[in-house]
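Protein sequences appear in the order of chains A and B.
According to the numbering used here, the residues represented by the first sequence are 196 to 554, in order.
According to the numbering used here, the residues represented by the second sequence are 196 to 554, in order.
Following: one structure in structure tokens, then a few remarks.
2 protein chains.
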Amino acid sequence: MKLDDANLIALARGTAVLGAGGGGDSRIGLLAAQQACADHGPVELVDLDDLHDDDLIVCCGLVGAPTVTIEKIVNGAEGERLRECVETHFGRPVGALMPAEIGGLNGLQPISWAAPMGLPVVDADGMGRAFPELTQSTMNIAGISPGPAFLTDERGTALILLADSAEWLERILRCVTVETGGLAATADYILTAAEARTATVRGSVSLAMRLGQTLIDAASDPVAALVESVSGHRLITGKVIDVERRTTGGFVRGHALVEGLQGDAQRVLRLEIQNENLIALEGGEVRASVPDLITVLDSETADAVPTELLRYGQRVTVIGFPCDPIWRTERGLELAGPRAFGYDLEYSPIEELHAPAQV
Amino acid sequence: MKLDDANLIALARGTAVLGAGGGGDSRIGLLAAQQACADHGPVELVDLDDLHDDDLIVCCGLVGAPTVTIEKIVNGAEGERLRECVETHFGRPVGALMPAEIGGLNGLQPISWAAPMGLPVVDADGMGRAFPELTQSTMNIAGISPGPAFLTDERGTALILLADSAEWLERILRCVTVETGGLAATADYILTAAEARTATVRGSVSLAMRLGQTLIDAASDPVAALVESVSGHRLITGKVIDVERRTTGGFVRGHALVEGLQGDAQRVLRLEIQNENLIALEGGEVRASVPDLITVLDSETADAVPTELLRYGQRVTVIGFPCDPIWRTERGLELAGPRAFGYDLEYSPIEELHAPAQV
């Protein structure tokens, strides 16, 4: 399947939903991908089964605080430089690119890098959503070494990191990202296609496209159509009444308050943020939490609003929906459950939190 | 010439003097070098003229805050790991190691790494003293690219940095050093012997050994013997009455006050510190400044006291002496003069500051 202008638009709307507020603004990713495909032709989306077992897949994206992506633009050569570093290090050609995370602009970033190189993008990613830390990947759950990892910035500095520990990889790449201005391009968990088949969330690019198409096709109530297609739950419909946001340590951290309108009047939902929406609280009770996805939608258009663009007065509907099952395993929750983010909360699947009351 | 137990002791006393307070405690470097030579045999000290033009020389040492070297011990495998990274990257064997700086423990560090690998150490270094920043090297003055640079820590993480800018190399390696605990092992400015012949301070290992031997041989007044051998100036003899020292941003920063005794009574000398002693001030007047060397000596033994071991009550003699002429060039002063450290002062050579008054 070719990624062209029409399905890129659907893809961008879908990656915004799967970003759970993070992964960077999909519209920026869309503009870059459209330009790259206009300049170099459409990019092929391939299934992992269509690749040879030992084809080299570069899991890549931008790392940093999404707030920075608004102001600091990549220079366009990052993808080529990452590929050069990977090919020099491994001594063989790269076969395809894969989004490190399907959420937000990172779900589209490999497309703009793949277009000038004539490489395909695989229909899979390493999170099935967006998460703030490099440790929070399905490849980490699968026990694959995160290194060698590669990082480059818009000045042309490039870094190759040999580390077996995902925690140290995250710490070192994060501190370098902060030093170089809060945003950098990375490739880590370099995989063979054979490894990728069992260590990634498969079909996530197609899923994002289908979700985007659902929004495009919805005749009257796109929010309802989306909630149904993701087996989700509407948490509140209302207005953003407070946003506290800091860009710190290479992340966006803060919270937002959404006050209910009409049927939800008198209710207030609090969103805890670290790049992504991590936890939705109401009156001290958890309404949804990581690793499940919490996405803030424009109440009219159902376009997902990334955390860096939340602002006072926005009319929004907050929805929650189940994560990929891999995140509900013991190791998945250890890496990306509420406690991994410092919240002293037990994880409850969103469908249990919102189960119809038993009579 | 073989570096054995006897001349290592002289070398360590000399590198402490040339450290100008920095480069880490030479005694730690001596213990490691002695152990390595006991385990693997003495290390050959070679002149650059004795190497083939294209022999690969690895300029290496520890980077970080000297205070950290007191508590955080290297694991011993850093040198071998740096060599592996360099050889993999360049695709050919390393010919010799060279101290990045002759000052302090860094003047000895390549010896403990070279011993188990059976490599020689060259009689040269990249500073002719110790300086806090990686930018402050004679290779930088010579216009040689600082990258690729290599960094490793005691956990086995290794990093290869491709950068043409010494400033970015310093910033990135420094922030990674801070993240990994304040001390790391680095190799940068990988040189051929032909390049090294015109881009280093030659003979500095021998010089350090000669200075150390001067101290060992001095019958009665080692301070006077040392001052004479370095064409130096005694700035004050007294007692340390105040030390302010912070380990911050991968450096030791602070100041120390030395109050004069006997002939120097009523005088107070202030030393400004960033790893090294940068500037000596008296009543607001500069008595000596970078790039010239300011070294604090134990008044009895003339052993140099590194800045991280300065403490109240020490009886010390502070001396200043001329740096290698390369640092007095326009580019040298730009990189390592008082203004490079944020002091709004014009550099005056120490021999002019202490010239006999004209009649």
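C-beta: ideal position from N, C-alpha, C; glycine also.
Remember, it's a predicted structure, so these values are computed and weren't measured experimentally.
Per DSSP, the bridge partner or partners of residue i
| i | result |
| --- | --- |
| His-450/B | Glu-439/B, Glu-467/B |
| Glu-495/B | Partner(s): none; Glu-495/B has no beta bridge. |
| Pro-294/A | Cys-255/A |
| Thr-387/B | Leu-251/B |
| Asp-320/B | Val-396/B |
| Leu-339/B | Note that residue 339/B is Ile in the sequence shown, not Leu. In DSSP, Ile-339/B forms no bridge with anything. |
| Glu-477/B | Glu-480/B |
| Asn-472/B | Ile-468/B |
| Ile-489/B | Gly-515/B |
| Leu-198/A | Val-238/A |
| Gly-455/B | Gly-433/B |
| Leu-378/A | Gly-259/A |
| Val-269/B | Val-269/B is not bridged to any residue. |
| Val-289/B | Leu-251/B |
First through last residue of the alpha helix (DSSP H) which encompasses residue i
| i | result |
| --- | --- |
| Glu-503/A | That residue, Glu-503/A, is in no alpha helix (DSSP H); it is neither H nor E in DSSP. |
| Glu-365/B | 361 to 374 |
| Ala-215/A | First-last for Ala-215/A: undefined, no H or E at that position. |
| Gly-407/B | 399 to 412 |
| Leu-314/A | Here Leu-314/A belongs to no alpha helix (DSSP H), and DSSP marks it neither H nor E. |
| Leu-548/B | 545 to 548 |
| Ile-223/B | 221 to 235 |
| Gly-427/A | It is not in any alpha helix (DSSP H) - Gly-427/A carries neither H nor E in the DSSP assignment. |
| Arg-265/A | The question names Arg, but residue 265/A is Ile in the sequence shown. Unbroken alpha helix (DSSP H) run through Ile-265/A: 261 to 266. |
| Thr-524/A | No alpha helix (DSSP H) holds Thr-524/A; DSSP gives it neither H nor E. |
| Glu-136/A | There is simply no residue 136/A to check, as chain A begins at 196 and stops at 554 in what is shown. |
CB contact below 8 angstroms: residue i versus chain B
| i | result |
| --- | --- |
| Glu-374/A | yes |
| Leu-386/A | no |
| Thr-352/A | yes |
| Val-371/A | yes |
| Ile-367/A | yes |
Any chain A beta carbon closer than 8 angstroms to residue i
| i | result |
| --- | --- |
| Trp-363/B | yes |
| Cys-255/B | no |
| Ile-355/B | yes |
| Ala-358/B | yes |
Contact belief for residue i with residue j at Cβ below 8 angstroms, rounded distance in angstroms
| i | j | result |
| --- | --- | --- |
| Ile-297/A | Arg-324/A | 7 angstroms |
| Leu-476/A | Arg-482/A | 7 angstroms |
| Ala-291/B | Val-317/B | 5 angstroms |
| Val-447/B | Ile-474/B | No, Val-447/B and Ile-474/B are not in contact; Cβ-Cβ is about 15 angstroms, not under 8 angstroms. |
| Met-312/A | Gly-256/A | 16 angstroms between Cβ atoms; not a contact. |
| Thr-347/A | Ala-379/A | 7 angstroms |
| Val-289/A | Arg-278/A | 5 angstroms |
| Gly-508/A | Ile-545/A | So it is not a contact: roughly 27 angstroms between Cβ atoms. |
| Ile-367/A | Thr-352/B | 7 angstroms |
| Pro-501/A | Gly-216/A | 6 angstroms |
| Leu-300/B | Asp-416/B | Their Cβ separation, rounded to whole angstroms, is 27 angstroms, which puts Leu-300/B and Asp-416/B out of contact at 8 angstroms. |
| Ala-403/B | Gly-302/B | 6 angstroms |
Residue interval of the beta strand (DSSP E) (run including residue i)
| i | result |
| --- | --- |
| Leu-346/B | 344 to 347 |
| Leu-240/B | 238 to 241 |
| Arg-161/A | No information on residue 161/A is available, as it lies outside the stretch 196 to 554 that chain A covers here. |
| Ala-353/A | 353 to 357 |
- prompt: What residues in the stretch 453 to 477 of chain B bring their beta carbon closer than 8 angstroms to a beta carbon of chain A?
  reply: Within the stretch 453 to 477 of chain B, no residue has its Cβ closer than 8 angstroms to any Cβ of chain A.
- prompt: According to a CB-to-CB cut-off of less than 8 angstroms, which residues of the stretch 262 to 286 of chain A neighbour chain B?
  reply: If the cut-off is 8 angstroms between Cβ atoms, the stretch 262 to 286 of chain A has Cys-280 near chain B.
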